[in-house]
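Residue numbers (my numbering): 10 to 507. These notes concern the structure reproduced below.
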Amino acid sequence: MKNKITLTLALMMAGITQAQVGFNTAAPKATLDIVAKSTTGNAPEGLLVPRVDRLKAQTMTGIATSTMIYVNSIANGSTGGNAVNINAVGYYYFDGTVWIKINTGISADTNIYNQNGNLTGNRVVTQGANTLAFNSTATTGTNHFSVDGSTFSVNAVTNAVGFGTTTPETKLDIFGNGTGLQHSNGTVKLRSFLSTDYGSFGTSTAHRLSFLTSNTLRMTIATDGKIGIGTQTPNNLLDLGGGNGKKLAIWNSAAGDDFYGLGNSANVLQLFAGAAAAGDPLMTLNKNGRVGIGTTNPQANFHTIGTRRFENATAGTVAVGSVLTATDTNGTAEWKTPVAEAVVGELTGGGIDIPFAASGDYRYTGRYITLPPGRWAVTVTQLAQTLGALDTDDWMFVRSTFTDQNVAVGAIATRSGDVNGGPSLMSFRVQGPGSGGALQQFDVYQGAIFINNTSGGNKTYRYIAGNTVVGGGPNSATVIKNFGGTWSETSIYATAIK
């Protein structure tokens with residue numbers, strides 16, 4: 010042992026003199042030159058570096074750059090801090106920041122062409138004037154180049170690009186909840202959306218959407234939803250623009266010579282039916298409210314040129330010589346014979362009391378009329394006296410009609426099936442307020458009911474009233490007194506409808 014220490018000290022002193030140290034050699038060729046003690050036999054030869062586990066390597070401080078260790082265990086510590094690369098047993102050297110693995114047993118360099126890996130930091134490729142190209146000779150498959158899964162995908166077989174899909178089916182396949190294009194100045198966004206039950210396409214900002222053909226604007230959708238065809242500034246939900254002529258076709262032939270639809274001229278709406286390309290409209294309506302049939306220049310509210318025909322609901326029932334006569338003050342017209350036949354109704358009893366209460370029943374009032382066969386307009390005029398108190402919001406709605414049942418005054422009856430072909434009810438409403446002590450609360454009501462007697466002989470129809478509806482909270486003791494009774498204002502008469 011003494012000789013070994015002496016030899017070592019001698020070698021060290023010699024090395025210090027020459028700034029080189031040799032082990033098992035008197036002529037070191039480097040700062041430290043270790044020569045195998047024996048080149049034969051089975052005695053171990055080599056250099057043993059410090060052996061530590063990952064936790065020790067991770068917690069050491071003041072580590073000099075180029076320090077080398079052998080990590081013999083990764084059971085402790087973690088891949089964090091300066092041990093971010095220590096994920097396996099092996100040799101590591103310190104680069105001043107982290108431990109770097111010394112790869113062994115690899116026959117080829119590790120790079121993106123033959124190995125997968127993770128970036129350890131941000132990377133930038135500066136192309137300069139050079140081209141960066143990815144070429145493929147694939148003949149099968151779909152997702153030959155991708156970024157972040159399906160975010161961006163290239164099918165090199167079909168030369169298709171996909172966003173949101175790894176199997177693009179068209180040259181540009183965008184798959185997702187919505188797609189869009191935004192103008193460079195940020196003011197217009199064009200967006201489309203498809204789902205299983207609907208799709209959408211349009212702008213996502215307050216800008217109109219226009220459609221062009223041959224670089225000419227044809228249709229515009231304004232920001233408020235108005236559609237313009239032939240105009241950029243629609244004023245209505247559908248604006249067909251200025252100019253005259255045929256505008257909206259309901260139907261037309263392929264040759265354009267059988268037009269059914271709408272058009273316009275100056276201040277005139279036109280209706281076409283079966284018109285040729287240059288044909289005139291069959292009906293017009295001008296801004297003064299004048300309607301023209303057979304003329305494009307009506308001189309009255311209703312102006313026709315040619316024959317006219319007005320029929321009743323049943324064809325062939327207008328008697329020769331009939332006169333088109335107004336049947337009410339609103340100007341409703343019907344065909345009638347010049348001399349009308351009239352029948353006056355009669356009375357039995359003194360009428361009935363109608364309480365202010367809701368009821369679905371009709372009751373016979375005592376008024377009746379006997380009509381010959383034919384159609385009749387029966388005019389009913391009735392006075393109603395309210396007896397009892399009513400608040401301001403108290404009211405009752407009363408309906409009346411005719412029955413062909415033979416019942417006693419006050420008995421329940423139903424409406425006759427002969428009441429048809431026109432008004433079937435004469436109804437009115439009585440409204441509060443009314444004082445309980447005031448006996449003279451009167452109203453007069455009038456209306457017409459149409460009856461068609463098809464029995465072949467005279468038939469009696471009895472006047473019934475009821476089927477009431479009430480509002481507010483009227484006292485049921487309040488009544489319409491003696492309705493249908495002997496009041497001088499009360500009458501029933503019928504006029505024949507020929």
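A virtual CB, placed ideally from N, CA and C, is assigned to each residue, including glycine. What you are looking at is a predicted structure, and each value in this text was computed from that prediction instead of being measured.
What do you get for residue 147, buried or exposed, if any count of 16 or more other CB atoms within 10 angstroms of its CB means buried? Here residue 147 is exposed, its C-beta having fewer than 16 other C-beta atoms within 10 Å.
Helix, strand or coil for residue 90 per DSSP? Residue state for residue 90 is assigned as helix, using DSSP reduced to three classes.
Limits of the unbroken beta strand (DSSP E) element including residue 66: That residue, residue 66, is in no beta strand (DSSP E); its alpha helix (DSSP H) goes 63-68.
Restricting to Cα atoms, I'd like to know which of 231, 254 and 258 is closest to residue 245. Here the closest residue by C-alpha is 231.
Helix, strand or coil: which one does DSSP assign to residue 112? Looking at residue 112 - three-state DSSP - the assignment turns out to be coil, as it is neither helix nor strand.
Please classify residue 455: is it buried, with 16 or more other beta-carbons within 10 angstroms of its beta-carbon, or exposed? Burial call: exposed.
Going by CA-CA distance only, name the one from 497, 402, 381 and 479 that's closest to residue 466. When each option's Cα is compared against that of residue 466, the closest is 381.
Three or more C-beta pairs closer than 8 Å, one from the segment 368-385 and one from the segment 411-426: is that the case here? As far as the Cβ criterion goes, the segment 368-385 touches the segment 411-426, which means the pair count is three or higher.
Can you give the Cα-Cα distance for residue 332 and residue 343, rounded to whole angstroms? If I take the Cα positions, the gap works out to 8 Å.
Measuring CB to CB, does residue 414 end up less than 8 Å from residue 423? Taking 8 Å as the Cβ cut-off, residue 414 and residue 423 qualify as a contacting pair.
6 Å Cβ shell around residue 284 - same chain, five flanking residues per side excluded: Cβ contact annotation for residue 284 (same chain, cutoff 6 Å, sequence separation greater than five): 268, in chain order.
Could you tell me which whole beta strand (DSSP E) segments of length 3 or greater appear in the segment 232-291? Here the runs fully enclosed are 236-238, 254-260, 268-274 and 277-284.
Does DSSP put residue 51 in a helix, a strand or coil? In the structure shown, residue 51 sits in coil (DSSP, three-state: anything other than H, G, I, E or B).
With respect to the beta strand (DSSP E) encompassing residue 377, which residues constitute its N-terminal and C-terminal limits? That run of the beta strand (DSSP E) goes 368-380.
Could you name the residues that DSSP lists as bridge partners for residue 468? Beta-bridge annotation (DSSP): residue 468 is paired with 380.
Helix, strand or coil at residue 102 [DSSP, three-state]: In the structure shown, residue 102 sits in a strand (DSSP, three-state: E or B).
Going by DSSP, what residues sit across from residue 220 in a beta bridge? For residue 220, which the question treats as bridged, DSSP gives the partners 228.
Starting from the C-beta of residue 350, find all residues in its chain whose C-beta is less than 6 Å away, skip the five residues before and the five after it, and write them out in chain order. Cβ neighbours of residue 350 beyond the five flanking positions: 505.
In whole angstroms, what is the alpha-carbon distance linking residue 105 and residue 62? Distance between the alpha carbons of residue 105 and residue 62: 19 Å.
What does the Cβ neighbour count give for residue 362, buried or exposed, with the cut at 16 atoms within 10 Å? The residue is exposed, with fewer than 16 neighbouring Cβ atoms inside 10 Å.
Determine whether the beta carbon atoms of residue 102 and residue 109 lie at a separation below 8 Å. A contact, by the Cβ cut-off of 8 Å.
To which residues does DSSP link residue 490 through a beta bridge? BP columns for residue 490 point to 394.
In the structure shown, what three-state DSSP assignment does residue 107 receive? In the structure shown, residue 107 sits in coil (DSSP, three-state: anything other than H, G, I, E or B).
Go ahead and pull the three-state DSSP assignment for residue 503. Here residue 503 sits in strand by DSSP.
Taking residue 501 and residue 354 to be in contact with their CB atoms under 8 Å, please state how far apart those CB atoms are, rounded to whole angstroms. With a Cβ gap of about 3 Å, residue 501 and residue 354 count as contacting.
So is residue 470 buried or exposed if we call it buried at 16+ other beta carbons inside 10 Å? The residue is buried, with at least 16 neighbouring Cβ atoms inside 10 Å.
When you compare the CB positions of residue 243 and residue 272, do they come within less than 8 Å of one another, or not? No, the Cβ-Cβ distance between residue 243 and residue 272 is not below 8 Å.
By DSSP, does residue 133 sit in helix, in strand, or in coil? For residue 133, the secondary structure class from DSSP, reduced to helix, strand or coil, is coil.
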